[in-house]
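Taking it in order: structure first as structure tokens, then the write-up.
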Amino acid sequence: MEEIDFKVAPESKIKKKPSYIKPWLGLKYLFKKPVTIKIPYEKTQIAEKYRGFHSLDWKKCIGCNFCGQICPARAIEMTWIEVNGKAEKRPHPKIDYGRCTFCQFCVDVCPTGALGFVSNYMLTTEWREEELLLYDWVPIHPDKIKEINEKYPDYRFPVSKIEFNKETKEVTYYLRDGEVFKFRILGYGVRPPAAAKPKPAAPKTGEAKKEQG
Amino acid sequence: MVSQSELIKEARENGMDLLPLDKDTYELFFGPQHMATENFSIILKMDGHRVVKAIANPGFLHRGFEKLAELRPWYTNIALLLRICVPEPDVPEMIYSMAVEEIMGWEVPERAQWIRTVVLEMARVSAYLFWTMGMAFKLGVYTAGQWAAAYRERFMALFEELTGARVYHIYTIPGGVRRDIPGDKWLRQLKDTVEYVKSKLPDFDHLIFENYITFRRMEGIGVMDKKFALEEGVTGPNLRATGVPYDVRRADPYLLYPELDFEVPVLKEGDALSRALIRRYELEQDLYILEQLLEMGPPSGPYKIQDPRLKNLPRFKVPAGDAFAHVESTKGDFGAYVVSDGGNKPYRVQIRGPSIAHGIRVLEQLLVGARIADVPVILVSLDNCPPDIDR
Ligand code: SF4
Ligand code: SF4
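Chains as they are written, first to last, in the numbering used here: chain V, 1 to 213; chain B, 1001 to 1391.
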């Protein structure tokens, strides 16, 4: 404090003089065009790489659980999945948007590039249990999301409804373009569930996901 | 559990009576739902329209960051800790990253340093605009508040383009930043925005900073002297308003600040008006700094550090040690103390928000004798930020 070796602004520059008249100059915007965007009728342009919902290439994902380990909100849970009667060999991440902070660390950390993100960010539901299921999903293929986005360019969640059958553990995604996508959840966690241990000689499950796009 | 009689006893020791025993004064509660306090509350003991005693009652936003940060891997903590400072979330990111870099012994690439300086200054400008908005709303000058919010929106759009999110841009990481600059278009946009906001500053002057009513409302209230401010650990614009030329960017330079030319505003009065005027001048200086940075241009090179240890991020380990880093935020000296025990999670992360100094004890003492209409004005002139008190 004793020796000052940086520039200190002179007081005369900082201090201002009170005035009665000057505040009236604020009226000059009275006849200018307002900067408001009328949202339902006009669109905002959001950034190209806006951090929104996730996409997952099921073929690329190797179930390494890196994304689950890095997630600050612990929103990721590994899920064992069976599509069209064939169990996937590796678990896939299931993301809970009730907890997700959209930090996209999981995308950065994914070694295979399976997990990605799209700029969709709108997801609203009411309070009913079955609607709240929308917040918990295994992301779908990025191409599929792109396809839906081309049809409905309003940045909404690509799935309009998710149904979960508690007995058969069957999940049904009703995509926004009318497609229905079904799979079964066999279990959660990094360990394979006892009922559906993937057999070492199981055939490639690639064709099982044709439906998904 | 504390019994009710104990509570009553404790309240009495603090000069408060839960039962209406005190017939001379009455208690007011400026709670979290009040427009002026923002998730913070003060209990005021009033005599007529003067405050006799004020007791700050923070803790509505206590989310336990210190404990939570112990349970998460090093990199992941960024997404958590930035929630400590809402108006300028880049500051907690930055100090945490700087502390981790110090323990690691990393030298941040030049390009990353440039980007970080720009991001910090953009955060400062948007935080000052946010503060202008808050002040205008509390003074009742709604027009200026709406202008400030609209100009801040332009900076938010720039942040969105750069980082992918508007407010909590989880962007600065230990060892650099997460994304490169989107290109020359972004730089041009930033330049335009800076020029535009700079051309609008006289409007704010006309409406609030040169307004006779503002002067009458803010002059001579909440006066703090130099000795008191230094004793209480006040930093930032609040300290500079009492005549102490202290600014972390000059006292303990970091990033590119030694190469930049800017003036530090200092006033002697220490009242609410001088604090507001200092903030107004700093907004101008920050825009000037951004102009200089743009003139410099980003140096070429990588935007984050290359280190083989970063291959396996969840298992990334930091050698044992500790470090302290601090930067100048719009509220004051924001510091982080990070301790590592060599594991893949921090042993302890302590963030020291500037409001902890001026939001509790200083506020309590400044409010004594103030009229009730001055309470929000004093609050906003200190730029009290409840999340960094509670953490
Ligand atoms: S999405 Fe990526 S990180 Fe997550 S389990 Fe699959 S391959 Fe691993
Ligand atoms: S974006 Fe962040 S919070 Fe969300 S699932 Fe990925 S790592 Fe977790």
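Glycine is no exception: its CB is placed at the ideal position from the N, C-alpha and C atoms. Please read these numbers as outputs of a predicted model, since none were measured by experiment.
- Query: Taking Cβ-Cβ distances shorter than 8 angstroms, what residues in chain V pair up with A1150 of chain B?
  - Reply: Taking the first residue of the second sequence as 1, we reach residue 1150 of chain B at position 150. The answer, in chain order, is V35.
- Simplified DSSP state of W1074 of chain B, which is helix, strand or coil: Residue 1074 of chain B sits at position 74 when you count from the first residue of the second sequence. Three-state DSSP puts W1074 of chain B in coil, outside helix and strand.
- Item | Alpha-carbon spacing of D1024 of chain B relative to V1119 of chain B, whole angstroms | For the purposes of this step, residue 1024 of chain B is identified with residue 24 of the second sequence, where counting begins at 1. For the purposes of this step, residue 1119 of chain B is identified with residue 119 of the second sequence, where counting begins at 1. Rounded to whole angstroms, the gap between the alpha carbons of D1024 of chain B and V1119 of chain B is 53 angstroms.
- From V:Y135, V:A114, V:D108, V:T112, pick the residue whose C-alpha is nearest to that of Y121 of chain V; which is it? Along the first sequence, one-based indexing puts residue 121 of chain V at 121. Of the listed residues, the one whose Cα sits closest to Y121 of chain V is V:Y135.
- For chain B, is any of its Cβ atoms less than 8 angstroms away from the one on A47 of chain V? Here residue 47 of chain V refers to the residue found at position 47 when the first sequence is read from its first residue. Cβ-Cβ to chain B under 8 angstroms: yes for A47 of chain V.
- Query: What's the C-alpha gap between D1383 of chain B and K1331 of chain B?
  - Reply: Here residue 1383 of chain B is taken as the residue at index 383 of the second sequence, counted from 1. Here residue 1331 of chain B is taken as the residue at index 331 of the second sequence, counted from 1. Approximately 6 angstroms, taken between the alpha carbons.
- Item | Within chain V, partners of E1210 of chain B - CB distance below 9 angstroms | Along the second sequence, read from residue 1 onward, the residue named residue 1210 of chain B stands at position 210. Residues of chain V passing the Cβ test: K16, K17, P18, S19, K22, P23.
- Sorted by chain position, which residues of the same chain lie with C-beta nearer than 6 angstroms to E207 of chain V's C-beta, five sequence neighbours on each side aside? For the purposes of this step, residue 207 of chain V is taken as residue 207 along the first sequence, with counting starting at 1. Confidence at E207 of chain V is low in this model, with a pLDDT of 44, below 50, so the placement of that residue should be treated as unreliable; the coordinate-derived value is given next. Close CB contacts of E207 of chain V within its chain, under the 6 angstroms cut and outside five residues either way in sequence, are absent.
- Return the first residue and the last residue of the beta strand (DSSP E) that M1046 of chain B is part of. By 1-based counting over the second sequence, the position of residue 1046 of chain B is 46. That run of the beta strand (DSSP E) goes 1042–1047.
- Task: Measure from the C-beta of V109 of chain V to each C-beta in chain B and report whether the shortest distance is under 8 angstroms.
- Result: On the first sequence, residue 109 of chain V is found 109 positions in, with the first residue counted as 1. Answer yes: the Cβ-Cβ gap between V109 of chain V and chain B drops below 8 angstroms somewhere.
- Same chain, Cβ closer than 8 angstroms to K1200 of chain B, five either side skipped, listed in chain order: As a working mapping, residue 1200 of chain B is identified with position 200 in the second sequence. Cβ neighbours of K1200 of chain B beyond the five flanking positions: W1147, Y1151.
- Message: Taking 8 angstroms as the threshold (C-beta atoms), are Y1246 of chain B and L1256 of chain B in contact?
- Response: Position 256 of the second sequence, counted from the first residue, corresponds to residue 1256 of chain B. Position 246 of the second sequence, counted from the first residue, corresponds to residue 1246 of chain B. No; because the gap between Cβ atoms is not below 8 angstroms, this pair is not in contact.
- For L1267 of chain B versus S1274 of chain B, is the C-beta spacing smaller than 8 angstroms? For the purposes of this step, residue 1267 of chain B is identified with residue 267 of the second sequence, where counting begins at 1. For the purposes of this step, residue 1274 of chain B is identified with residue 274 of the second sequence, where counting begins at 1. In contact: L1267 of chain B and S1274 of chain B (Cβ atoms closer than 8 angstroms).
- Beta-carbon contacts of I46 of chain V that lie in its chain and below 8 angstroms, excluding the five residues immediately before and after: Translated into positions along the first sequence, residue 46 of chain V becomes position 46. S119, Y121, Y155.
- Query: Per the contact definition of three or more C-beta pairs closer than 8 angstroms, is the stretch 1168–1175 of chain B in contact with the stretch 1079–1088 of chain B?
  - Reply: yes
- Item | Heavy atom of ligand 3 within 7 angstroms of I1378 of chain B beta-carbon | Among the ligands modelled here, namely ligand 1 and ligand 2, ligand 3 does not occur.
- Query: Nearest to F1262 of chain B by CA position, among B:V1234, B:M1224, B:E1291, is which residue?
  - Reply: Working through the second sequence from its first residue, we reach residue 1262 of chain B at position 262. The shortest Cα separation from F1262 of chain B among B:V1234, B:M1224, B:E1291 belongs to B:E1291.
- Message: With H, G and I counted as helix, E and B as strand and the rest as coil, what does DSSP make of Q1350 of chain B?
- Response: What you label residue 1350 of chain B is simply residue 350 of the second sequence in a count that begins at 1. Here Q1350 of chain B sits in strand by DSSP.
- Item | Where E1137 of chain B falls: helix, strand or coil (DSSP) | Position 137 of the second sequence holds residue 1137 of chain B. Per the sequence presented here, residue 1137 of chain B reads as Phe, with Glu not at that position. Here F1137 of chain B sits in helix by DSSP.
- Under 9 angstroms by beta carbon: chain B residues contacting G26 of chain V: Working through the first sequence from its first residue, we reach residue 26 of chain V at position 26. Under the 9 angstroms cutoff, chain B gives V1141, T1143, A1144, W1147, D1203, H1206, L1207.
- Item | Of the residues V:C67, V:D177, V:K28, V:K169, the one placed nearest G113 of chain V, counting alpha carbons only | For the purposes of this step, residue 113 of chain V is taken as the residue at position 113 of the first sequence. Nearest C-alpha to G113 of chain V: V:C67.
- Sequence-distant residues of the same chain with beta carbon closer than 7 angstroms to A1157 of chain B, five excluded per side: The count along the second sequence starts at 1 and reaches residue 1157 of chain B at position 157. Cβ neighbours of A1157 of chain B beyond the five flanking positions: none.
- Query: What's the gap between the Cα of P203 of chain V and the Cα of I1078 of chain B?
  - Reply: Here residue 203 of chain V corresponds to residue number 203 of the first sequence, with the count starting at 1. Here residue 1078 of chain B corresponds to residue number 78 of the second sequence, with the count starting at 1. Low confidence applies to P203 of chain V: its pLDDT is 46, below 50, so where it sits in the model is not reliable, and the reading given next is rough at best. One C-alpha to the other measures close to 42 angstroms.
- Task: If I'm right that M1098 of chain B touches I1055 of chain B with Cβ under 8 angstroms, what's the distance once you round it to whole angstroms?
- Result: Residue mapping note: residue 1098 of chain B aligns to position 98 of the second sequence, counting from 1. Residue mapping note: residue 1055 of chain B aligns to position 55 of the second sequence, counting from 1. Contact doesn't hold; Cβ gap of about 36 angstroms is too wide.
- Member of B:Y1254, B:L1139, B:T1037, B:E1107 whose CA lies at the smallest distance from the CA of G1059 of chain B: Counting from one through the second sequence, the residue named residue 1059 of chain B turns up at place 59. Minimum Cα distance to G1059 of chain B is reached at B:T1037.
- Could you check the C-alpha separation between K86 of chain V and L175 of chain V for me, to the nearest Å? Walking along the first sequence from the start, residue 86 of chain V turns up at place 86. Walking along the first sequence from the start, residue 175 of chain V turns up at place 175. C-alpha separation (whole angstroms): 22 angstroms.
- What do you reckon, is the C-beta of T44 of chain V under 7 angstroms from a heavy atom of ligand 2? Locating residue 44 of chain V in the first sequence gives position 44, where the first residue counts as 1. T44 of chain V Cβ: outside cutoff for every heavy atom of ligand 2.
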